[in-house]
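For what it's worth, the numbering used here labels the leading residue of the sequence shown as 37, then goes sequentially. Yeah, the Cβ is synthetic: ideal placement off N, Cα and C, and Gly gets one too.
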Amino acid sequence: MILTVTLNTALDLTYAVPALVPHSSHRVNEVTERPGGKGVNVARVLSALGHDTVVTGFAGGSTGTVLRELLGALPHGPTDALVTVAGNTRRTLAVVDRSSGDTTQLNEPGPHIGAGEWAAFLGTFGDLLPRAEAVALCGSLPPGVHVGAYAELVRLARSAGVPVLLDTGGEPLRRGIAARPDLVKPNAEELAQLTGAREPLRATRDARRRGAHSVVTSLGPDGLLAVTPDGIWRAAPPATVRGNPTGAGDSAVAGLLSALAEGLGWQDRLARAVALSTATVLAPAAGEFDREAYEDLLPRVAVEQHTPAA
């Protein structure tokens, strides 16, 4: 089983409009509603790849009820182990401009989590760890959760001997990486905030020196850069695609985590991550990927090892 943690789950709404024009009224052509949050998106992709997956984190209020209903209705979807809280789960809104392919994202902050609710989550997390092959800790922290929460969860996973991937930003990333996760996957902006460096290779190396076993950095449409004990790697899709990038990074995490659970090497991990993230851009909503595009892209992803050792 692969365990994904989404402390700040969300009900993802995607609106498609012919063209997004500021200060004007729009007629929405298409609306999609999905259970979301980074770890939920990761879990949905993992399940689609055939992995037994469990989702934990928080859900509450009327929005949380809808999220759980949608999650439960997914065919062969992840198992719901979310902890119920008093506050209302947040919503995220993506507005897709059909004319340009660009997406505008609006994210609510999430419910306040009390001390008792955090303790209940820790109990659930501890109960699930012994069955987990790998753990992904994903996304922002909701109000009320202490900034060192991911560092705490990384230490618990490491104590249980479970490989752990961290995908977050800001101070939670800074503290979490010092707890020595097996893999960290920041995007370029999160990496720059952590290290102060804008050059990707320098920043990724700096991030790894801060405690992570390996660091994989998103380069947007240019693919991924990885600094690992086995070397420095770059992986790029065969072509740039246009579409909705929401969830592409989550699909990359799913690719890395699934390949790790299957015992694959870095070349296969990175190829799968890039193919999945690119195929997600071509899908209508986060947490989904275009399977035909994924199968076509996978053998064509260019993966290069730049040095024999990092």
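Rounded C-beta distance between residue i and residue j? I'm assuming under 8 Å.
{"i": "T139", "j": "P281", "result": "6 Å"}
{"i": "V53", "j": "V289", "result": "Actually they are not in contact, since the Cβ atoms of V53 and V289 sit about 29 Å apart, beyond 8 Å."}
{"i": "V347", "j": "I149", "result": "This structure leaves residue 347 out entirely; the chain is present only between 37 and 346."}
{"i": "A262", "j": "L306", "result": "6 Å"}
{"i": "V220", "j": "V251", "result": "5 Å"}
{"i": "E205", "j": "P222", "result": "Note that residue 205 is Gly in the sequence shown here, rather than Glu. The pair is a contact, with the Cβ atoms about 6 Å apart (cut-off 8 Å)."}
Got a sec? Which residues, its chain only, sit under 7 Å from residue i by beta carbon, not counting five neighbours each side?
{"i": "S98", "result": "N124"}
{"i": "A46", "result": "G72, G73, T125, R126, R127 and T128"}
{"i": "R191", "result": "A215"}
Check for me: the beta strand (DSSP E) holding residue i runs from which residue to which?
{"i": "E69", "result": "E66 to G72"}
{"i": "V171", "result": "A170 to C174"}
{"i": "F94", "result": "T89 to G96"}
{"i": "R127", "result": "R126 to D133"}
{"i": "G267", "result": "G267 to A272"}
{"i": "L47", "result": "A46 to V53"}
{"i": "T120", "result": "V119 to V121"}
{"i": "A338", "result": "A338 to T343"}
Assuming contact is defined by CB atoms lying nearer than 8 Å, are residue i and residue j in contact in what I supplied?
{"i": "G113", "j": "L43", "result": "no"}
{"i": "R210", "j": "L230", "result": "yes"}
{"i": "G279", "j": "L318", "result": "yes"}
{"i": "I213", "j": "A168", "result": "no"}
{"i": "F325", "j": "V81", "result": "yes"}
{"i": "T40", "j": "C174", "result": "yes"}
{"i": "A185", "j": "P208", "result": "yes"}
{"i": "V119", "j": "A156", "result": "yes"}
{"i": "A55", "j": "R104", "result": "no"}
{"i": "L164", "j": "L293", "result": "no"}
{"i": "L49", "j": "V67", "result": "yes"}
{"i": "T160", "j": "A117", "result": "yes"}
Check each candidate in the options and name the one with the smallest Cα separation from residue i.
{"i": "M37", "options": "P208, V339, P199 and L129", "result": "P199"}
{"i": "S254", "options": "R216, V310, A215 and V277", "result": "V310"}
{"i": "E298", "options": "G86, A284, A215 and V76", "result": "G86"}
{"i": "W302", "options": "A275, V337 and G285", "result": "V337"}
{"i": "A109", "options": "R327, S176, E226 and P71", "result": "P71"}
{"i": "L7", "options": "L260, S294 and P58", "result": "What is shown of the chain runs 37 to 346, which leaves residue 7 out entirely."}
{"i": "S287", "options": "E235, G256 and R246", "result": "G256"}
{"i": "A402", "options": "A233, G159 and A95", "result": "Beyond the ends of the chain as shown, which are 37 and 346, falls residue 402; an answer cannot be given."}
{"i": "R194", "options": "T264, A117, T89 and A248", "result": "A248"}
{"i": "G75", "options": "A284, S136 and V64", "result": "A284"}
{"i": "A196", "options": "L296, P166, R216 and P222", "result": "P166"}
{"i": "Y330", "options": "A117, A295, P273 and P236", "result": "P273"}
{"i": "P265", "options": "R245, P58, L107 and V102", "result": "R245"}
{"i": "V57", "options": "A84, V132, V277 and P111", "result": "V132"}
{"i": "S136", "options": "R308, H59, R241 and V277", "result": "V277"}
{"i": "E328", "options": "D258, A84, L237 and Q141", "result": "A84"}
What first and last residue would you give for the alpha helix (DSSP H) that runs through residue i?
{"i": "I213", "result": "G206 to A214"}
{"i": "S250", "result": "No alpha helix (DSSP H) contains S250, which is instead part of the beta strand (DSSP E) from S250 to S254."}
{"i": "V317", "result": "W302 to V317"}
{"i": "A239", "result": "P236 to R245"}
{"i": "T160", "result": "A151 to L164"}
{"i": "L230", "result": "A224 to T231"}
{"i": "V289", "result": "A284 to A297"}
At a threshold of 7 Å, does residue i count as lining the ligand PLP (C-beta to nearest heavy atom)?
{"i": "A319", "result": "Looking at this structure, you won't find the ligand PLP or any other ligand, since it has none at all."}
Excluding five sequence neighbours on each side, which residues of the same chain lie with their C-beta closer than 6 Å to the C-beta of residue i?
{"i": "G146", "result": "N44, R126 and P178"}
{"i": "E340", "result": "R270"}
{"i": "D332", "result": "none"}
{"i": "H342", "result": "I268"}
{"i": "N29", "result": "It is not possible to answer for residue 29, since the shown part of the chain is limited to 37 through 346."}
{"i": "G100", "result": "T125"}
{"i": "T115", "result": "V90"}
{"i": "P217", "result": "V190, V200, L202 and A248"}
Answer yes or no: does any C-beta atom of chain B fall closer than 8 Å to that of residue i?
{"i": "A272", "result": "Here there is only one protein chain, and chain B is not present."}
In its own chain, which residues sit with a C-beta less than 8 Å from the C-beta of residue i, not counting the 5 before and 5 after it?
{"i": "A345", "result": "Confidence at A345 is low in this model, with a pLDDT of 45, below 50, so its placement is unreliable and the value that follows should be read with caution. Answer for A345: P265, D266 and G267, listed in chain order."}
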